[in-house]
Structure formats: C-alpha cells, structure tokens
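2 protein chains.
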Amino acid sequence: MADDISWELYRTFLAVLREGSLSGAARRLGITQPTAGRHVALLEDAFGQPLFTRTQTGLKPTEAATALQGHAEAMESVAASLRRTGTGFREGEATGTVRVSASEVISMEVLPPALAALHQRHPGLRIEVDASNAVQDLTQREVDIAVRMAPPKQGVLVARHVGTVAVALFARDDYLARAGTPSSEDDLARHALIGYDRETPFIREARKAWPSWRRDAFTFRADSDLVQLALVRAGAGIGACQVALARRDPRLVRVLPAMVFPLETWVAMHGNLRTSRRHKVVFDALVACLQAHAGIQ
Amino acid sequence: MADDISWELYRTFLAVLREGSLSGAARRLGITQPTAGRHVALLEDAFGQPLFTRTQTGLKPTEAATALQGHAEAMESVAASLRRTGTGFREGEATGTVRVSASEVISMEVLPPALAALHQRHPGLRIEVDASNAVQDLTQREVDIAVRMAPPKQGVLVARHVGTVAVALFARDDYLARAGTPSSEDDLARHALIGYDRETPFIREARKAWPSWRRDAFTFRADSDLVQLALVRAGAGIGACQVALARRDPRLVRVLPAMVFPLETWVAMHGNLRTSRRHKVVFDALVACLQAHAGIQ
DNA sequence: CGTCGGCCATGCATAAATGTATAGCAGCTT
DNA sequence: AAGCTGCTATACATTTATGCATGGCCGACG
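From first to last, the protein sequence lines stand for chains P and Z.
Using my numbering, you'd call the opening residue of the first sequence number 4 and step up by one each time.
Using my numbering, you'd call the opening residue of the second sequence number 4 and step up by one each time.
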C-alpha cells in the first residue's frame, strides 16, 4: 500500500482541477508547469489510474478526479484554518486572525459594536466576518466560530446556548396609520407584506408556525433579510423582524403580538480551539454580546 | 503572507505531536530524524513562533502546537478519505474500499446480509463497517456513507430517507408467563426492565416520549444496545427493541403496544461521492436494505 | 559508576525535486 | 495564411531537500 502520497500532491491536484491546466495551476501555486505535471503524474501513479485526459487546451478531469475534488477542497479548507490558527499565535496574548460566521442580520446589526470593543481590548486581533445565511458547517467552511440558530449536532464542537431571539411582525407607525392595524392573522391578507422570495429549508420549517406567511401573499419579496429589514424600517409594510432590533427604532410597532417565532441561538466553536487564547476571547465576547441581544424582549 | 507552507509539513508536524519525538515521527513516516527536524523548523519559521520545546527526551508541544493538533488531525482524516477514494477507482466498475458507519445494532443485525450480497455482485468491493452509536460526522470521521437516525443537517450531503424504524418494548414469552404481562405503563415498575446506563443526548430526547423509562427503574443497565438486545432475547426481562428485529424471534412478545418510539432513518453520503461508482452502489444497497428493514411493522 | 540506549543537532555527500529552455501542437485573430 | 497565444511534453542544469554519519547529551539500568 502506497501510504507515502505526499499531501503536497493533493494541493497541486486541486489547483489543476480548478484552473483546468497545468500552467494555470503552476501560476497559482508559484511553481512551474513541469512540476505541476509531475505532481499529477505522481498522483496518477499512486492511484493507478489517470486523473486527467490531456488535451492541447488543458487537462480535463476524469470521473475519478471529480470524485476526489470535494476531498481535496476539504483538505484545503482545513489547511487554511490551520495556517490561520498557527499564524500570529502568541503565548498568553490574543493576537492573530479569527474568522466568525453569522447571519447577515446578526453580522450587520448586532456584532459590529461588540467586535469594535473587542478590538480595543485586544489590538492584536484580526477579525473576519463571514455574513451568510447558509448554515455554515464549521468543519466545511473556513470558519472558526459560528453564530447559529440551531442547536449544533456535531460532537466535536464547544457550543453555548445564548438565549432565544424572538422574531415577530413589525410595521412603522405611519404605515399603520395609513393602512390600519391588523387585528387577526387573516387580516394580514389585506396588508402590504414583506417576506422571502425563495423558500429555504429554514423558512419551510418556520412556516409551520405561521401558516399565513405565504410567498404569494407578499407585496415585497426579497431573499435578503437585510432588505426586508430595510423595507420594514422604511414603512413599506409589515414584515418579520427580530424584536430586539425593532426596539431600537421607536417608530416600529409590533403587530399581532401572538405571532412570535423563537430563534434558539448558539455560539459554536471547534473543540480544538479551546486552548487558543484569541479564539476563546472572541468566543466569550460573542456569547456576551448575543446574550445581551437575546435578553431584550 | 507566507502562503507557501507545504502541506507535507503538516503531516510531519502531526507525527511529531503524536510520537513526541523527531526520531519517532521519522520512523513512522519513513523519513529520517534530521528531515523531521527540518520540517518542524520550517513550520516554526512560517508561523513565527516555536511549536515545541526541545528536550533530550523528545519534543514537548507548546500551547500553539496543541491548538493546531485538531486541525492537523482533520487534515489527516480527509487525506485518508481522499486516498481511499482515489485508490482502486475503475471507470464504470465498482472496485475499491468504502467505509460505512451505522449504529451497533444496525451493523450487527441488519447490514451483514446486504453487504454479503453486495460483495457477491461486486467482488472488487472492499467494505469497512464502523459500528458505533456516536453520531458520526461525515466530514469529521473517516466515513463515506452513514446510516443515521436523524435528518442530516449539512448541505453538502446527499441523503435519503429510508423510512421509520419503530422501537417498542418486548419480552420473551417465558418471562411474561413467569412475571405477567404489564397492562399499563405504571405496571412496568414491577418488572425486570432492561435499559441504558449512561444518558446520552439521544436518550434524553427519547425519554420525553417514555417518561417512565428511567434509569433507576432498570434491573439491567447496559450502554450497549447489543447487550440490551441479548438480554431481551435471553428472557431477562422487558426491554426496548426494534420491531423489525423482534419479529425474527417468535418467542419475543410485544408489551404495551402503545409505547412506540419512531426512529426516522436516513442514509447519507458526501455529495462529492455522487459520481463515484462504488459509493453509489453501496449507497443504493444500503438504501434498499434499510427500506426493507423499515418496512417491517 | 560505568554502560547502554534513545534523543537532538550539525556537517557533508547524495539523490530527488524543481526550474529553465525548447519543441510541438491547436485554436484565434488579422 | 501567417502570426500570436496558450497549452503540454521533454531534455538538461541547478537548486533543494533528503539521507548518512557523527558528536554530545541525558536518563535508565545493572
């Protein structure tokens, strides 16, 4: 069994896969084209099969190579995490880069003050925010710490439940003065509603609680929660909004208080990072920040 | 930014961490001690900090090195998967190794016939079974295909719901003749019950359905579901058992039919492996096998 | 207390991997 | 149709990484 496949080969393999040519991969990796070609040849040798069909315009991946791509990407992702963790580590101090993932709304509306304060206390800290609604997999994407709206499943994580963020319906006062205040869920049909466009798994789940919150009932549709929030703030109609955020704007009025959707909120981190000073610092800061956020009713 | 850290360095780094010495790592990797030392030195150079304190008896990892260990292990795991997938790939044929994870009970009682038949059809196939009740993370552990009792969360997976496996209470006929048949859930207190020892997250969830199924009520406690099953089959008392399994033993009698716990069962696989012939073959076989299993009422 | 075994560090020879240069081929553009 | 560009493959030179041998150090053991 050829156990001596250098991990380095995987890296060039992935680059060739991505660039579609030895020359391109070589450029990206800072090596030369013959070297890239030799790496691929070595890998093909080790696996006992071709990974690419050579053409004049580049290399076309075979079925086998396609099957391996995901793995290679996973390695790359982990390698990037490793490098990020290893760089800028200083005994006892919190220095270096930490990559945080959170939903768009949380990233925009909740985290910034906390992160700013954090940096004041730890000037050596570099913080990357990955704002995305897709459920990030800590092992998959390059993220050290994630704010999640679902309890973490994976055992290797250290996770802390920071409370429940309530989502409810809001509208600006002038909209309600204009269009009236709905008194029942059925009333919503006569209003300008602000909601989602494409249905995600999360929305599908949430819809069970709000049966009337259907796509075809919406006047404004947007995939971005930020856009929805902006529409609500602009008085365009009635939309869903985290209660703690709406509280900041005195003109936003809660309608149909019975309609509440609770978001169990968690902060999760790789168990490996428990011993890393800077990750612990950011983790604790996020926990404190979100506990405060979830505490607002 | 030194982006040119060879992935190969990570491999020796992990080996040094594991072996606790350059010499040991070198032996394991089939390189020499000076080379291992140089690799570590390169890595320390790239990270700008020491990873080990050199002693005469070996290398002691610093705080930084400890923080990196988990990442390095993750890389190793992925590399192993990659190698396994790449080796023995043959266009159109199902050859090579596939690693399957399932619960102990499923691994022991349900899969073997299906795997045996599968191998008959595809003699080039090598199958590894990882029997463990811990929820395996497909990206974390070295597993290609997993049989899970929970809907998969991660988007990168291809998952198939194969049905609902019902778990109910059973006892052997002679036990019931001896001790009587319980007529209500409260009656259970007077019986010899077979249950879990340590409470896992899964059991905590399941307990909500069966409030009377408490640890202190059990006569026999075992963490292993296999042992519990064996005790039920031996007529030791009343225990939980998958209905489909109990059906095989004519002496096992279902008690308190109202107490049923449904296990939603899924077969999950990396999306990357969709194009791999051998993985698809095993995936389909597992789906068929478990659909048949879940179909038994 | 001396010996043995295991470990790290260093200097040096060698083998291995990489880079350079070039040839050849295909597809575009003018 | 000729020239340009981008690609792979090969031959050759060179750098780089590796292995080998050795020395020094510490702890275990008889």
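Glycine included, every Cβ here is placed at the ideal spot set by N, Cα and C.
Keep in mind that this is a model prediction, so the values were computed, not measured.
Assess contact between the segment 74-89 of chain P and the segment 28-39 of chain P, defined as three or more Cβ pairs (one per stretch) separated by less than 8 Å. Is contact present? Short answer: they don't touch.
Per DSSP, what kind of secondary structure is Thr100 (chain Z) in: helix, strand or coil? Walking along the second sequence from the start, residue 100 (chain Z) turns up at place 97. If DSSP states are grouped into helix, strand and coil, Thr100 (chain Z) belongs with the strands.
Proximity below 7 Å, CB of Arg277 (chain Z) to CB of Ala97 (chain Z): For the purposes of this step, residue 277 (chain Z) is taken as the residue at position 274 of the second sequence. For the purposes of this step, residue 97 (chain Z) is taken as the residue at position 94 of the second sequence. Cβ distance not < 7 Å, so Arg277 (chain Z) and Ala97 (chain Z) don't count as in contact.
Against chain P, does Met152 (chain Z) count as a neighbour if the rule is that its beta carbon must be under 7 Å from one of theirs? Within the second sequence, the letter at position 149 stands for residue 152 (chain Z). Not a single C-beta of chain P is nearer than 7 Å to the C-beta of Met152 (chain Z).
Note down, in chain order, each residue of its chain lying with its Cβ closer than 6 Å to the Cβ of Ala134 (chain Z), except the 5 sequence neighbours on either side. Indexing the second sequence from 1 puts residue 134 (chain Z) at position 131. Same-chain partners within the cutoff: Glu107 and Ser110.
DSSP three-state label for Ile206 (chain P), please. Numbered from 1 along the first sequence, position 203 holds the residue referred to as residue 206 (chain P). Ile206 (chain P) falls in the helix class under three-state DSSP.
Does the count of Cβ pairs from the segment 241-257 of chain P and the segment 55-66 of chain P closer than 8 Å reach three? Contact between the segment 241-257 of chain P and the segment 55-66 of chain P is absent, because fewer than three Cβ pairs lie under 8 Å.
Quick check: is the beta carbon of Asn136 (chain Z) nearer than 7 Å to any beta carbon in chain P? Your numbering for residue 136 (chain Z) matches position 133 in the second sequence. By this cut-off, Asn136 (chain Z) is not an interface position.
Check the Cβ-Cβ distances between Gly238 (chain Z) and every residue of chain P, and say whether any is below 7 Å. Your numbering for residue 238 (chain Z) matches position 235 in the second sequence. It does not; no Cβ of chain P falls within 7 Å.
Of all the options P:Val43, P:Ala225, P:Arg254 and P:Thr15, which has the alpha carbon lying nearest to the alpha carbon of Arg30 (chain P)? As a working note, residue 30 (chain P) is residue 27 in the first sequence. Checking every option, the nearest Cα to that of Arg30 (chain P) belongs to P:Thr15.
When you compare the segment 251-262 of chain P with the segment 160-173 of chain P, are there three or more beta-carbon pairs, one atom per stretch, that lie closer than 8 Å? The segment 251-262 of chain P, when compared against the segment 160-173 of chain P, does touch it at the 8 Å Cβ threshold.
Unbroken beta strand (DSSP E) run spanning Leu266 (chain Z), endpoints: Here residue 266 (chain Z) corresponds to residue number 263 of the second sequence, with the count starting at 1. Taken as a continuous stretch (DSSP letters only), the beta strand (DSSP E) holding Leu266 (chain Z) covers Leu255 to His273.
Answer yes or no: does any C-beta atom of chain P fall closer than 7 Å to that of Leu17 (chain Z)? Within the second sequence, the letter at position 14 stands for residue 17 (chain Z). No, no contact with chain P.
May I ask you to list the residues that DSSP assigns as paired with Pro64 (chain P)? Sequence index remark: in the first sequence, residue 64 (chain P) carries index 61 (1-based). Answer by DSSP bridge pairing, in chain order: P:Phe55.
Cα separation between Leu141 (chain P) and His273 (chain P)? Stepping through the first sequence from its first residue, residue 141 (chain P) is reached at position 138. Stepping through the first sequence from its first residue, residue 273 (chain P) is reached at position 270. Bear in mind that a pLDDT of 49 at Leu141 (chain P), under 50, signals an unreliable position, so the model cannot answer this.
Is Leu141 (chain P) helix, strand or coil when you go by DSSP? On the first sequence, residue 141 (chain P) is found 138 positions in, with the first residue counted as 1. Summary for Leu141 (chain P): the model assigns pLDDT 49, below 50, so the residue's position carries little reliability; its value from the coordinates is reported in the next sentence. Looking at Leu141 (chain P) - three-state DSSP - the assignment turns out to be coil, as it is neither helix nor strand.
In chain P, what lies closer than 7 Å to Gly89 (chain Z) by C-beta? As a position in the second sequence, residue 89 (chain Z) is number 86, starting the count at 1. Within chain P, the residues whose beta carbon sits less than 7 Å from that of Gly89 (chain Z) are Phe50, Ala67 and Leu71, listed in sequence order.
Supposed close pair Val306 (chain Z), Leu293 (chain Z) - CB separation, criterion 8 Å: Since the first residue shown for chain Z is 4 and the last is 300, residue 306 (chain Z) is missing from the structure and cannot be characterised.
Name the DSSP beta bridge partners of His164 (chain P), please? Walking along the first sequence from the start, residue 164 (chain P) turns up at place 161. P:Trp269.
Applying the criterion that 16 or more other CB atoms from any shown protein chain within 10 Å of the CB defines a buried residue, is Gln231 (chain P) buried or exposed? Translated into positions along the first sequence, residue 231 (chain P) becomes position 228. So Gln231 (chain P) counts as buried.
Pick from P:Ala18, P:Leu32, P:Gly298 and P:Ile8: whose alpha carbon is nearest that of Thr167 (chain P)? Looking up residue 167 (chain P) in the first sequence gives position 164. If we check each option's Cα against that of Thr167 (chain P), P:Gly298 comes out closest.
Using a Cβ-Cβ distance under 7 Å, would Ala105 (chain P) count as near chain Z? Within the first sequence, numbered from 1, the residue matching residue 105 (chain P) stands at position 102. No, Ala105 (chain P) lies away from the interface with chain Z (no Cβ there is under 7 Å from its Cβ).
Could you tell me which of Z:Gly73, Z:Tyr199, Z:Ala233 and Z:Ala220 sits nearest to Asp226 (chain Z), measuring between CA atoms? To locate residue 226 (chain Z), count along the second sequence from 1; it is residue 223. The shortest C-alpha separation from Asp226 (chain Z) is found at Z:Tyr199.
Counting C-beta neighbours from all protein chains within 10 Å, is the total for Ala288 (chain Z) 16 or more, i.e. buried, or is it exposed? Residue mapping note: residue 288 (chain Z) aligns to position 285 of the second sequence, counting from 1. When all chains shown are included, Ala288 (chain Z) counts as buried.
Roughly how many angstroms separate the alpha carbons of Thr268 (chain P) and Thr203 (chain Z), rounded to a whole number? Walking along the first sequence from the start, residue 268 (chain P) turns up at place 265. Walking along the second sequence from the start, residue 203 (chain Z) turns up at place 200. Near 22 Å, if we compare the C-alpha coordinates of Thr203 (chain Z) and Thr268 (chain P).
Mind listing which residues of the segment 7-39 of chain Z have their C-beta closer than 7 Å to chain P's C-betas, in chain order? Asp7, Ile8, Ser9, Trp10, Glu11, Tyr13, Arg14 and Gly33
I need the straight-line Cα distance from Gly73 (chain Z) to Asn275 (chain Z), nearest angstrom please. To locate residue 73 (chain Z), count along the second sequence from 1; it is residue 70. To locate residue 275 (chain Z), count along the second sequence from 1; it is residue 272. Going by the C-alpha atoms only, they are around 23 Å apart.
So with Cβ pairs under 7 Å, would you call Phe92 (chain P) a contact of chain Z? Numbered from its first residue, the first sequence carries residue 92 (chain P) at position 89. Yes, Phe92 (chain P) lies at the interface with chain Z (some Cβ there is under 7 Å from its Cβ).
Check whether the Cβ atoms of Ala83 (chain Z) and Glu131 (chain Z) lie closer than 7 Å to each other. Counting from 1 along the second sequence, the entry for residue 83 (chain Z) is found at position 80. Counting from 1 along the second sequence, the entry for residue 131 (chain Z) is found at position 128. No, Cβ-Cβ distance for Ala83 (chain Z) and Glu131 (chain Z) is not below 7 Å.
Assuming Leu191 (chain Z) contacts Phe221 (chain Z) (C-beta within less than 8 Å), just tell me the rounded distance between them. Mapped onto the second sequence, residue 191 (chain Z) falls at position 188. Mapped onto the second sequence, residue 221 (chain Z) falls at position 218. That belief does not hold up - the Cβ atoms of Leu191 (chain Z) and Phe221 (chain Z) are roughly 10 Å apart, past 8 Å.
Beta-carbon proximity list for Ala18 (chain P), same chain, < 7 Å, skipping 5 on both sides: As a working mapping, residue 18 (chain P) is identified with position 15 in the first sequence. Hits under 7 Å: Ala28, Arg31 and Leu32.
Top-ranked residue by Cα proximity to Gly23 (chain P), from P:Ala77, P:Trp10, P:Thr58 and P:Glu47: Position 20 of the first sequence, counted from the first residue, corresponds to residue 23 (chain P). For the residues P:Ala77, P:Trp10, P:Thr58 and P:Glu47, the minimum Cα distance to Gly23 (chain P) belongs to P:Thr58.
Using a beta-carbon distance cut-off of less than 9 Å, what residues from the segment 271-291 of chain Z approach chain P? From the segment 271-291 of chain Z, only His273, Gly274, Asn275, Leu276, Arg277, Thr278, Ser279, Arg280 and His282 have a Cβ closer than 9 Å to chain P.
Name the chain Z residues whose beta carbon is nearer than 8 Å to that of Met78 (chain P)? Locating residue 78 (chain P) in the first sequence gives position 75, counting from the first residue. Result: Trp10, Met78, Val81, Ala82 and Leu85.
Where Ile109 (chain P) sits in the DSSP three-state scheme: The residue labelled residue 109 (chain P) in the question sits at position 106 within the first sequence. Per DSSP, reduced to three states, the secondary structure at Ile109 (chain P) is helical.
Under 7 Å Cβ-Cβ, which residues of chain P neighbour His74 (chain Z)? Within the second sequence, residue 74 (chain Z) is the residue found at index 71, counting from 1. Simply Val81, Ser84, Leu85, Thr88 and Asn275.
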